[in-house]
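Asker:
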Amino acid sequence: MKYFNLNVDERGIATLIFDTPKSNVNVLCFDALYELREHIAELETNAEVKALFIESAKKDIFIAGADINEIKAFKDEDEIVSKLAEGQEIFNRLENLPFPTVAMIDGACLGGGLELAMSCTYRVATNDAHTRIGLVEVSLGIIPGLGGTQRLPLLVGFTKAIELITASKRLKGDKALKLGLVDAAMPSGYLGFKKEEYIKEILSGTLEEKVLAKRKGIKWYEMLAPSKMLIAHLARKAVNKKTAGHYPAPLKAIDVLEETLPMSLEDGLKVELEVFAPLATSEISKNLIELFFTSERLKKEKFSKAKAKNVESAAVVGVGTMGSGIAWALAHKDIPVRLGARKMPSIAKAMTKLMKSFESIKRRGRLTEREIGLKMDRVTYTTDMRGLANVDIVVEAVSEDPKVKQKVFADLEAKVSEACIIATNTSSLDISSLAQKTQYPERFVGMHFFNPVQMMPLVEIIAGEKTSDETVATVVKLANRLGKTPIKVSECAGFLVNRTLLPYLNEAAKMFEEGEDVVRIDRILKGFGMPMGPFTLADEVGIDIGDKVSTILHNAYGKRMHPSSVLERMLDKGWLGKKTGTGFYIHKGKKQSYNTQMTELQYGHKTLDDEVILDRAILIMVNEAACCLEEGVVDNAQYLDMAMVMGTGFPAFRGGLLRYADSEGLENIVTRLQTLEELYGERFVPAGLLVEMAENNKRFYP
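Mind the numbering: the sequence shown is residues 6 to 707 in our numbering, read in order.
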């Protein structure tokens, strides 16, 4: 026996401890499932056993889920059905043991781990921060396949089961208790006491009645056909609004839950399997799984061999939209932060933004008033750079003007300690040039957050020529602590994300100039999977900022980044986008309508085919991404794709820019770029790396 250790005490209490060898986590691979089956067979014939407790030997992990490598390897639907049917039968046998079974959940209990736990008679969970419970399969493009769609509604109800599965929700222990998913929740230090309490109540025969009285289960009205149909219809509508129908798994999960609600467990499991198999072999699932693996790899990536320092306190200088967002991220993780601005009204505005962000979390039940008060108590401010002598890092977030930034750096160096890191949130300026006049350039680094900071997970880390390895290690560690995904990129104009994204926005503007319709271009690219069209995005970012970054990129990269004249002419008219209420669209509250006066800025009357619009907008990004990879701006295609998904919202179901290029075929991509080059000029000249890979039949993803 390799994965589980089984022992039975003198009272007849069996304890099965899951302990995957040579691993910090438990995952339900098929070998582990087959071994579990052997233990169950032994328990089925042991008349002395009065109860079974399933526990984990891993710190902060119960069972992290199924083995995703095995899911990734699935190619044949018949094989999937055969293997998962075995898994379902193992859990059925666990459920039908002739004595009570208890899952003792302390740590992550996700996917197949929760499906195992739901096959037990009772579930006990800790309410510590490390415990998260949920069926998260749809985030990988599949649905639960080991009975999750059948057992979850029996515990939490039909409506709540749809919500938990389609949103891949990860519940804390207390929330899981409130919903009826677990039967008890307590701090991990009390888990042993709860086990003894359960043993006594099982042996005395009092536990079942006590627990069943608190179970939620399926509501009577959810079983009525009209109610069930309405609940499923509203759920589909909500999913489609969020995903535009690009992700089939959550919709398929709703189908299964609705169809199987009145069925027996046996029949429902068959339906679950029939739907799971084609999803598991789909390209969308493979793409999402690849992104998952990249995400896991990035969590361990240090980008430096040096030892990182701990950041115990921080400051943010410049408290506009980005500065206040960064300050919130620090305060949210209980890091004392000092706001620096020249005027008190700016400080007051920033403090209001911080409170609004915290209040938003409170409304979702994730923070209490007391917790918000403690976090806000850690936020202080200064209008004259005082009180910075002991901070470990200062993040500068003033306007994107090198002279303004360098003045701030000079002032900061007179106030902070020699050990204090100075990080700039510049989105496109050269780090080494900014650090040129600083006293200690080794502590200077780029730390580019994305707007809105509260929602965007990516942080680009940019080292200057003299930035020390320790500085890089420290800001990477800090970004991870803030719940962000740091990716180190090389120093170049626009870094990685903006350098790749701006040609997309610029090309959209050029198509508009030629006569194409703003709303149509936005609609086509949103249909491709982008979270918003390029013109909606330009209005959100600000026409002035877009123009400034376009100029920087044009100066750095020449003709291929020659900006459309549209942005400059919009600036002349004072049309800055959402911030002024007028841009490509007229903005009134949450509503937007096309700005008809924009037609004055067009010089042509072309109407382009949908495919041409897509190719001009997307392939120009693919080409620039290939240039970045060729120049070593980022370590590999996987990190580049993750940066574009996290930083621009490039559709995850396509796997990223370069994985999309692979799916289209690199030879095909090069041919289409060459056609665009003939029609529209040298900005579409295929990158050397693309040409070389196409000629040698290579792929970005082997």
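Using N, Cα and C, we set each Cβ at its ideal position, and we do this for glycine too.
I need the DSSP call for Ser495, collapsed to helix, strand or coil.
Answerer: Coil, per DSSP.
Asker: Can you tell me the Cβ-Cβ gap for Ile167 and Ile259, rounded? I've got them flagged as a contact below 8 Å.
Answerer: Ile167 to Ile259, Cβ: 6 Å. Contact.
Asker: Could you tell me which whole beta strand (DSSP E) segments of length 3 or greater appear in the stretch 525 to 574?
Answerer: Taking only runs of at least 3 residues, no beta strand (DSSP E) segment lies wholly in the stretch 525 to 574.
Asker: In this structure, does DSSP put Val187 in helix, strand or coil?
Answerer: In the structure shown, Val187 sits in coil (DSSP, three-state: anything other than H, G, I, E or B).
Asker: Between the Cα of Glu519 and those of Asn560, Gly534 and Leu606, spot the shortest distance and give me the residue it belongs to.
Answerer: Among Asn560, Gly534 and Leu606, the Cα nearest to that of Glu519 is on Leu606.
Asker: Is the beta carbon of Phe96 closer than 8 Å to that of Leu121?
Answerer: Yes, the pair counts as a contact, with Cβ atoms nearer than the cut-off.
Asker: Starting from the N-terminal side, write out each stretch of the beta strand (DSSP E) that is 3 residues or longer and does not extend beyond the stretch 362 to 414.
Answerer: Whole beta strand (DSSP E) segments, 3+ residues: 384 to 387 and 398 to 401.
Asker: Can you check DSSP and say which residues form a bridge with Lys593?
Answerer: Answer is Lys596.
Asker: Would Lys489 and Phe308 qualify as a contact pair, given that the criterion is a beta-carbon distance under 8 Å?
Answerer: Against a cut-off of 8 Å, the Cβ pair of Phe308 and Lys489 comes out as no contact.
Asker: Which residue wins for smallest C-alpha separation from Leu572, given the options Arg565, His592 and Val546?
Answerer: Leu572 has its Cα closest to that of Val546, out of Arg565, His592 and Val546.
Asker: Relative to the C-alpha of His453, which candidate in Arg371, Val403, Val244 and Gly92 has its C-alpha closest?
Answerer: The shortest Cα separation from His453 among Arg371, Val403, Val244 and Gly92 belongs to Val403.
Asker: Nearest by alpha-carbon distance to Val638: which of Gly551, Asp272 and Gly469 is it?
Answerer: The residue with the shortest Cα to Cα distance from Val638 is Gly469.
Asker: Tell me, which residues are paired with Gly582 by DSSP?
Answerer: In DSSP, Gly582 forms a bridge with Thr587.
Asker: Tell me the DSSP secondary structure of Gly654 in three-state form.
Answerer: In this structure, Gly654 counts as coil in the three-state DSSP scheme.
Asker: Residue ranges of each beta strand (DSSP E) run of no fewer than 3 residues wholly in the stretch 8 to 49, ordered along the chain?
Answerer: Those beta strand (DSSP E) runs which fall completely within the stretch 8 to 49 and span 3+ residues are 9 to 13 and 18 to 23.
Asker: Can you round the beta-carbon distance between Asn12 and Thr20 to whole angstroms, since I take them to be within the 8 Å contact cut?
Answerer: Between Thr20 and Asn12 the Cβ distance is about 6 Å, and since that is below 8 Å, they are a contact.
Asker: What do you reckon, are the CB atoms on Met189 and Gly118 nearer than 8 Å?
Answerer: One point to set straight first is that residue 189 is Ala, not Met, in the sequence displayed. In this structure, Gly118 does not lie closer than 8 Å to Ala189 by Cβ.
Asker: I believe His251 touches Gly660 by the beta-carbon criterion, under 8 Å. Please report the beta-carbon distance rounded to the nearest angstrom.
Answerer: Contact doesn't hold; Cβ gap of about 12 Å is too wide.
Asker: Give a single yes or no on whether Thr136 has its beta carbon closer than 7 Å to a heavy atom of the ligand GTP.
Answerer: With respect to small molecules bound, the structure shown includes none, and the ligand GTP cannot be examined in it.
Asker: Identify, in the order they occur along the chain, each residue of the same chain with its Cβ nearer than 6 Å to the Cβ of Val141, setting aside the five sequence neighbours on each side.
Answerer: Excluding sequence neighbours, Val141 sits near Leu115, Gly116 and Ser173.
Asker: CB-CB under 8 Å to Ile76, same chain, minus the five flanking residues each way: which ones, in chain order?
Answerer: Leu145, Ile147, Ala285, Ser290 and Ile294.
Asker: Would you identify the three-state DSSP class for Leu115, choosing helix, strand or coil?
Answerer: Residue state, collapsed to three classes: strand.
Asker: Tell me Leu176's beta-bridge partners as DSSP assigns them.
Answerer: Answer is Ile138, bridged to Leu176.
Asker: Leaving out five residues before and five after Asp615 in sequence, what residues of the same chain have Cβ atoms less than 7 Å from its Cβ?
Answerer: The answer, listed in chain order, is Ile529.
Asker: When the Cα atoms are used, what is the spatial distance from Gly197 to Leu379?
Answerer: Cα-Cα distance, rounded: 32 Å.
Asker: Output the distance between the C-alpha atoms of Tyr127 and Trp333, rounded to the nearest integer angstrom.
Answerer: In a straight line, the C-alpha of Tyr127 is about 40 Å away from that of Trp333.
Asker: The beta strand (DSSP E) spanning Val129 covers which residue range?
Answerer: Its beta strand (DSSP E) spans residues Tyr127 to Thr131.
Asker: State the start and end residues of the unbroken beta strand (DSSP E) segment that holds Thr429.
Answerer: Unbroken beta strand (DSSP E) run through Thr429: Ile426 to Thr429.
Asker: State the Cα-Cα distance for the pair Pro446 and Glu629, rounded to the nearest angstrom.
Answerer: Answer to the nearest angstrom: the Cα atoms are 30 Å apart.
Asker: Would you be able to state if there are at least three C-beta pairs under 8 Å between the stretch 55 to 70 and the stretch 271 to 279?
Answerer: With the cut-off at 8 Å, the stretch 271 to 279 and the stretch 55 to 70 do not touch.
Asker: To the nearest angstrom, how far is the alpha carbon of Ala642 from that of Cys497?
Answerer: Going from the Cα of Ala642 to the Cα of Cys497 covers about 18 Å.
Asker: What three-state label does DSSP hand Thr248 in the structure shown?
Answerer: Residue state, collapsed to three classes: helix.
Asker: Taking Cβ positions, are Ala440 and Ser422 nearer each other than 8 Å?
Answerer: In this structure, Ser422 does not lie closer than 8 Å to Ala440 by Cβ.
Asker: Does the stretch 577 to 591 come close enough to the stretch 538 to 545 to have 3 or more Cβ pairs within less than 8 Å?
Answerer: Yes, they touch.
Asker: If I measure Cβ to Cβ from Asp65 and keep anything under 6 Å in the same chain, skipping five residues before and after, which residues do I get?
Answerer: Once the five neighbours on either side are set aside, the close Cβ partners of Asp65 are Gly112 and His135.
Asker: Tell me whether the stretch 371 to 386 and the stretch 454 to 474 touch, counting them as touching only if at least three CB pairs, one residue from each stretch, are closer than 8 Å.
Answerer: Cβ pair count under 8 Å is below three, so no.
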